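Structure first, then comments.
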Amino acid sequence: MLSRLDRLIVKAPDPERVGWLGDWTYAHRGMHSPGVPENSLAGFALAVERGLGIECDIQRSRDGCAMLVHDWELDRLTAVSGPLADHTAEELAQIAFLDSEHMLARLDDLLPIVDGKVPILVEIKSRRGYDVARSCEAVAAALVGYAGRHAVMSFDPRVCAWFARNSPETIRGLVMREDEIGMTQKAWQRHVALWAARPEFIAYHVAALPNPMVAGLRERGMPVLTWTVNSPATRANGSRHADALIAEGDGLA
Numbered sequence: 274m275l276s277r278l279d280r281l282i283v284k285a286p287d288p289e290r291v292g293w294l295g296d297w298t299y300a301h302r303g304m305h306s307p308g309v310p311e312n313s314l315a316g317f318a319l320a321v322e323r324g325l326g327i328e329c330d331i332q333r334s335r336d337g338c339a340m341l342v343h344d345w346e347l348d349r350l351t352a353v354s355g356p357l358a359d360h361t362a363e364e365l366a367q368i369a370f371l372d373s374e375h376m377l378a379r380l381d382d383l384l385p386i387v388d389g390k391v392p393i394l395v396e397i398k399s400r401r402g403y404d405v406a407r408s409c410e411a412v413a414a415a416l417v418g419y420a421g422r423h424a425v426m427s428f429d430p431r432v433c434a435w436f437a438r439n440s441p442e443t444i445r446g447l448v449m450r451e452d453e454i455g456m457t458q459k460a461w462q463r464h465v466a467l468w469a470a471r472p473e474f475i476a477y478h479v480a481a482l483p484n485p486m487v488a489g490l491r492e493r494g495m496p497v498l499t500w501t502v503n504s505p506a507t508r509a510n511g512s513r514h515a516d517a518l519i520a521e522g523d524g525l526a
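Residue numbers for the sequence shown follow our numbering, beginning at 274 and rising by one.
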């Protein structure tokens, strides 16, 4: 259950505002498979066709654009080496994913494909010492005028805080992983993260479920999403202990 301190920190969100989050399964980085790369426009289009919500990752280009890429470095996904942030958005748009004709793309490119047909979860990547506010600005700029359901989330509590101040109409969530490589392994770290973020939902690592704190948040009406669901076993576990799944591969029904 939630500790007394967590109860003081975490407020129940408006159910009319956040209730839709639990109505969907979200394709983790799109419907990717051999020949259809993660975070590619092709993978996102397939998710829309299948009626799945979309989870996408955001890195920031050198000129401040929100790019649909998970990694800080280009090496794993492309034939180019080095930091993504060394390149402009125009330069990145000329880079293809490995073993694919599909090119890297911006959040701006994704929105017309989705066009409100399914919801979008936008995860903003961050790390220690990173000016994540500039990434928040890039995402907010891309979302101006977009009427479809969407939410932002991040491991970094500063993302929730930024959107609460600067784009309060945007639903915001905290990504959490409380295992040996997570960022909130100790109770005080969780208290600080929740206090700084004041999230309207959380996205919690499926391998760490069930969890008393997560159960307490659900009881208070906070939507709990879980990731990465990639097998029948993790799908069953996530379905028992969370409101919605962020899934890929064998984790998709």
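Every residue, glycine too, gets a C-beta built ideally from N, C-alpha and C. No experiment lies behind these values; they were computed from the predicted model shown.
Exposed unless 16 or more other CB atoms sit within 10 angstroms - verdict on residue i
{"i": "A320", "result": "buried"}
{"i": "L281", "result": "exposed"}
{"i": "A420", "result": "exposed"}
{"i": "R379", "result": "buried"}
{"i": "D330", "result": "buried"}
{"i": "N312", "result": "buried"}
{"i": "P307", "result": "exposed"}
{"i": "W297", "result": "buried"}
{"i": "A415", "result": "buried"}
{"i": "L445", "result": "Reading off the sequence shown, one finds Arg at residue 445, where the question assumed Leu. Buried: at least 16 other Cβ atoms inside 10 Å."}
{"i": "P472", "result": "buried"}
{"i": "E322", "result": "exposed"}
Nearest neighbour of residue i, chosen from the options [CA to CA]
{"i": "L236", "options": "S334, S512 and I368", "result": "Only positions 274 to 526 of the chain appear in this structure, which leaves residue 236 out of reach."}
{"i": "A466", "options": "R277, K398, F428 and G522", "result": "F428"}
{"i": "R491", "options": "A476, R401, L314 and P441", "result": "A476"}
{"i": "L294", "options": "A515, L525, E521 and G524", "result": "A515"}
{"i": "D381", "options": "M426, A470, R333 and L278", "result": "R333"}
{"i": "A353", "options": "T361, G489 and F370", "result": "Strictly speaking, residue 353 in this sequence is Val, with Ala absent from that position. When only C-alpha atoms are compared, the closest one is F370."}
{"i": "E521", "options": "A285, R277, V309 and G292", "result": "V309"}
{"i": "I397", "options": "V391, V412, I386 and P385", "result": "V412"}
For residue i, the first and last residue of its enclosing alpha helix (DSSP H)
{"i": "M486", "result": "P485 to E492"}
{"i": "D382", "result": "L380 to V387"}
{"i": "L371", "result": "Per DSSP, L371 belongs to no alpha helix (DSSP H) and is neither H nor E."}
{"i": "A318", "result": "L314 to R323"}
{"i": "G511", "result": "P505 to H514"}
{"i": "A362", "result": "A362 to L365"}
{"i": "L525", "result": "First-last for L525: undefined, no H or E at that position."}
{"i": "R280", "result": "R277 to I282"}
Enclosing beta strand (DSSP E) for residue i [first to last residue]
{"i": "W345", "result": "No beta strand (DSSP E) contains W345, which DSSP labels as neither H nor E."}
{"i": "R333", "result": "G326 to R333"}
{"i": "V497", "result": "V497 to V502"}
Simplified DSSP state of residue i, which is helix, strand or coil
{"i": "W461", "result": "helix"}
{"i": "G292", "result": "helix"}
{"i": "H301", "result": "strand"}
{"i": "V353", "result": "coil"}
{"i": "V479", "result": "helix"}
{"i": "A358", "result": "helix"}
(request) Let me know the beta strand (DSSP E) ranges lying completely inside the region 379–448, each 3 residues or longer, listed in chain order. (result) 393–397 and 423–427
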